Amino acid sequence: MRYEKYLPKITEEDMRLIAEPIDIYGQNIYNGRCVRMGEDGKPQEVCRYEGFPKTAH
Numbered sequence: 000m001r002y003e004k005y006l007p008k009i010t011e012e013d014m015r016l017i018a019e020p021i022d023i024y025g026q027n028i029y030n031g032r033c034v035r036m037g038e039d040g041k042p043q044e045v046c047r048y049e050g051f052p053k054t055a056h
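Quick note on our numbering: the sequence shown kicks off at 0 and runs consecutively.
Printed below as a string of structure tokens:
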């Protein structure tokens, strides 16, 4: 692997911790999309109003 020397070494303890059940899940969504159910029952994106605040782009 080209970048293997830069990667951290994964230990058996790491793998044991990774395999444990998740007790809490958090997610940061800085600019998510609004979605609603369309008349056909499928997801439909809701258009944003003109001037909706943006972050990076």
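Heads up, the beta-carbon is just placed ideally off N, CA and C, and yes, glycines get one too.
Everything numeric in this text was worked out from a predicted model, so none of it was measured.
Could you have a look at residue i and say whether DSSP puts it in helix, strand or coil?
{"i": "GLU44", "result": "strand"}
{"i": "ARG32", "result": "coil"}
{"i": "ILE57", "result": "With the chain covering 0 to 56 only, the question about residue 57 has no answer from this structure."}
{"i": "ARG1", "result": "coil"}
Three or more C-beta pairs below 8 Å linking the region 38-48 and the region 17-27: No: fewer than three Cβ pairs fall under 8 Å.
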